[in-house]
Amino acid sequence: MSSNLKVTVKMDGSTLEKLQKRNYLLFAFRAVETNAEGGMPVVWFSTTGYSELTDVSWQETYGAFASQTEVKSGTQIAASCFKEINLNQKMEVVAPLQCKDPVSGIAGCIAVLNSRDSELPSCGISEKNQAGEFAPLCAFPLFGGNMIMLKPIQKVFLMFANKPIVTKTVIAQSVGPGLLIDLTNKQERTISYDVNKNWIWDPKEGYAEAYAAGSDLAPRLIIPSEGLKMASMNLLI
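My numbering puts the first residue of the sequence shown at 23, with every later residue one more than the last.
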């Protein structure tokens, strides 16, 4: 059964007015663990529809995709094929570029198998955002005959920026001050934002980390997993 997760962002009227006057958007990214390299984060959600009290909420509803789009900062991922999928399942991509229905896979993750004899420019997992749209969390290139394992983890990265970047865009660096929030042990968090002080929360609770504009996003959102690497090695034995 999927969980309901939510981050509430509070701000005063002055901050709201200044952000809206300068056309700032609220962006959200999600974090994953993986056995692979070469992946990049993707804008999962962006909106101008924030207020003095804004909820960023979601359920654990996943999809897997394959795409002809190259994994490069600034490109927008356009899925060539897509399937809804659950944890512990595997999706196979076959020639010319088709996604087969998911089958039983590897415990604790979502796997994508490229059964073709050519490289997939990109593939990854998606999650339904609060706009009701499946949007990629990440994008990875994948050689023919190879399989990637991905495990979504309950961390969300939020930032405000006045850059016209749309959902599903690959991003290498934060374009505004960001906050990485961990909902692993608590499914709801409340934080605040000030136009000059930026993100405000209780650091004693240890559930969030702030990052300056220009910070690399991949090390925070694309996390190597020794467990998944071991699982992939065991498949070869």
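C-beta: ideal position from N, C-alpha, C; glycine also.
Item: Three-state secondary structure assigned by DSSP to P199; Value: coil
Item: Contact between the segment 24 to 31 and the segment 154 to 167 (3+ Cβ pairs under 8 angstroms); Value: no
Item: Ordered list of beta strand (DSSP E) runs contained in the segment 46 to 83, each at least 3 residues; Value: 47 to 56, 67 to 69, 75 to 81
Item: Three-state class that DSSP yields for M23 in the structure shown; Value: With a pLDDT of 41 at M23, under the threshold of 50, the modelled position of this residue cannot be trusted; read the value that follows with caution. Reduced to three states, the DSSP call for M23 is coil.
Item: Residues near E248 by beta carbon distance below 8 angstroms, same chain, minus five either side; Value: none
Item: Backbone secondary structure at P186 - three-state DSSP; Value: coil
Item: Chain-order list of residues whose beta-carbon lies under 8 angstroms from that of D216 (same chain, five-residue window excluded); Value: M33, D34, T37, I222
Item: Meets three-Cβ-pair contact criterion under 8 angstroms: the segment 106 to 123 and the segment 133 to 144; Value: yes
Item: Option nearest M169 by Cα separation, candidates L142, I175, Y233, A53; Value: L142
Item: Complete beta strand (DSSP E) runs within the segment 143 to 187 (minimum length 3 residues, chain order); Value: 156 to 158, 160 to 164, 169 to 183
Item: The segment 101 to 114 / the segment 49 to 67 touching (three or more Cβ pairs under 8 angstroms); Value: no
Item: L41 versus K190: straight-line alpha-carbon distance, rounded; Value: 23 angstroms
Item: T91, DSSP secondary structure in three states; Value: coil
Item: Local Cβ density within 10 Å of M171, reported as buried at 16 or more and exposed below that; Value: buried
Item: Cα-Cα separation between L47 and A235, rounded to whole angstroms; Value: 14 angstroms
Item: Inter-stretch contact (C-beta, 8 angstroms, three-pair minimum) for the segment 67 to 77 and the segment 88 to 108; Value: no
Item: Buried versus exposed call for N151 [16 or more other C-beta atoms within 10 Å across all chains shown]; Value: buried
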